[in-house]
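Written below as C-alpha cells is the structure these notes are about.
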Amino acid sequence: MFLGAHVSIAERIALAPERGRSVGADAIQIFSRSPRMLRRTKPIPPEEATAFREAMPANGIARAIIHANYLINLAGPDDNTLTYSRDAFVEELDRAQLLGVRDVIFHPGSHMGRGEAYAIQMIAASLDWCFEHANAPDVFAVLENTAGAGTVVGYRFEQLAEMMKGSAHPDRLGICVDTCHTFAAGYDFRTRDGYAALLRTIDETVGVGRIRAFHLNDSVGDLGSKLDRHEDIGKGKLGKEAFRFLVNEERFREVPGCLEFPGRDAGYRRNLKTLRSLVTGTNPPTAGPRPGGKRGGRGTA
Ligand SMILES: [Zn+2]
Ligand SMILES: [Zn+2]
190 MFLGAHVSIA ERIALAPERG RSVGADAIQI FSRSPRMLRR TKPIPPEEAT
240 AFREAMPANG IARAIIHANY LINLAGPDDN TLTYSRDAFV EELDRAQLLG
290 VRDVIFHPGS HMGRGEAYAI QMIAASLDWC FEHANAPDVF AVLENTAGAG
340 TVVGYRFEQL AEMMKGSAHP DRLGICVDTC HTFAAGYDFR TRDGYAALLR
390 TIDETVGVGR IRAFHLNDSV GDLGSKLDRH EDIGKGKLGK EAFRFLVNEE
440 RFREVPGCLE FPGRDAGYRR NLKTLRSLVT GTNPPTAGPR PGGKRGGRGT
490 A
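Each residue of the sequence shown is one higher than the one before, counting from 190 in this note's numbering.
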C-alpha cells in the first residue's frame, strides 16, 4: 500500500506534495478547494496545475487522491440541493482531470427522510449526469463507505454495489474503504477471520478490484456505533491488528491508503511510523527510492 495522509492546500495546491513528503508520505489526499463552502471558485490556473503535476514525482509521491467537498449530496433530496451538488461535483471531476489526479472520493449522500432506495437510485443518476457534463475522461468517482449515522447511505457494501449497478458508467466508479467507518458500521475485522470475511463481503458486492483507496483511521466509537470519529492508529477501538492485515495485503500493493487523523504533521509522522512498523517483509510499500536514494522524511526522529 502507498501510505500517506491528507495534507493541506493552503496558499497553493502545488505545495501539497512537498507537505506530504515532509510527513513521510508516499501518497497524499487533498481537497481541490475549500471543503465547506459551495460557492463557485475560480478555476485552477494551468500553470498551477503544471506545478502540482511536477511536484508529485519531485517529492516522491506515488499517488494523489482528491476528497470532494463535504456539502455535496448527490442524493438530493430537493431540487436545489441536487442542482448545486451536481454542479459542484462536476467541478471536482474537472479539477481532478486538470491536476492529473485520477480519483475523486466522496460521501455518497443522505436521503433526509426520502428513504434509502430513493437515495441510492438518485446517486446513480447524479453520477451519470456528472460524467456527462464533466470534461474528465480519466477520473474515477470513488464512493466512500460511511459509518451510517443519521440518514446517510453507503454504510453497507451492498448499497455501494447498488449505486454502481444503477449507473450507466460502472467502469468509471470505484470505492474508498474508510477503516473507521467500516468498523463503526458494524464490520468487525480485528481478527484474521473477521478480516477475511470483510474482504469476502466486499468482493461479493462491489468487488475487491474496485477498491481505489483506503482511509486509514482508527475509531473512537465501538463496533457498530455508527460514530464517525477518527483516532490515532492503534489507540482506538479498532486497534493495530486490523491495519497489519491491510498494509500487508498483496492485492492492495498499489492502492493509496491515507491517514485523515490527527491532521497535524507530528501526528501524521507518528501514525505513519506506526503503520510502517506493521509492514512485514513480504509486502513492502512499493514507492520508488526518493531523490537522493533515501526514502525521505520517514519520521525516524
Ligand atoms: Zn474518510
Ligand atoms: Zn470519517
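The beta-carbon is built from N, C-alpha and C at its ideal position, and this holds for glycine as well.
As the structure is a computational prediction, the values presented were derived from the model and not from experiment.
Please classify THR469 as buried or exposed, where buried requires at least 16 neighbouring CB atoms within 10 angstroms.
Exposed, because fewer than 16 other Cβ atoms sit within 10 Å of the Cβ of THR469.
Just to confirm, is the Cβ distance from PHE278 to ILE255 under 8 angstroms? In this structure, PHE278 lies away from ILE255, with their beta-carbon atoms at least 8 angstroms apart.
| field | PHE295, DSSP secondary structure in three states | value | Strand, per DSSP.
- prompt: When the Cα atoms are used, what is the spatial distance from ASN258 to VAL342?
  reply: Cα to Cα, the separation comes out at about 17 angstroms.
- Item | Nearest-angstrom Cα separation, counted from ASN269 out to THR390 | Using only the alpha carbons, I get a separation of about 36 angstroms.
- Task: Compute the Euclidean distance between the alpha carbons of TYR376 and LEU282, then round it to the nearest angstrom.
- Result: The straight-line gap from Cα to Cα measures roughly 30 angstroms.
**Asked** Smallest Cα separation from ASP317: which of ALA357, VAL328, ASP327?
**Response** Of the candidates ALA357, VAL328, ASP327, the one whose C-alpha sits nearest the C-alpha of ASP317 is ALA357.
Practice task
Note down, in chain order, each residue of its chain lying with its Cβ closer than 6 angstroms to the Cβ of ALA313, except the 5 sequence neighbours on either side.
Solution key: Beyond the five residues adjoining it in sequence on each side, ALA313 comes within less than 6 angstroms, by CB distance, of MET352, GLY355, SER356 in the same chain, given in chain order.
field: Cβ-based burial, GLY398 [other Cβ within 10 Å; buried from 16]
entry: Exposed: under 16 other Cβ atoms inside 10 Å.
Exercise. Can you tell me which of the three DSSP states GLY213 falls into?
Key: In this structure, GLY213 counts as coil in the three-state DSSP scheme.
Quiz item: Nearest to ALA244 by CA position, among LEU288, LEU263, PRO266, is which residue?
Solution: Residue LEU288 is the option with its Cα nearest to ALA244.
key: 6 angstroms Cβ shell around ALA308 - same chain, five flanking residues per side excluded   = Within the same chain, ALA308 has close Cβ partners ALA264, GLY298, HIS300, VAL342.
**Message:** So, does the segment 379-387 touch the segment 326-343, judging by three or more C-beta pairs under 8 angstroms?
**Reply:** Between the segment 379-387 and the segment 326-343, the count of C-beta pairs closer than 8 angstroms stays below three; the two stretches do not touch.
Does DSSP put ILE219 in a helix, in a strand, or in coil?
Three-state DSSP puts ILE219 in a strand.
| message | Measuring straight from C-alpha to C-alpha, what distance separates ALA306 and GLY337? | response | Cα to Cα, the separation comes out at about 15 angstroms.
request  = Classify PRO480 as buried or exposed, calling it buried when 16 or more other Cβ atoms lie within 10 Å of its own Cβ.
outcome  = A caution first: PRO480 carries a pLDDT of 45, below 50, which makes its placement in the model unreliable, though a value can still be read off. Exposed is the call here.
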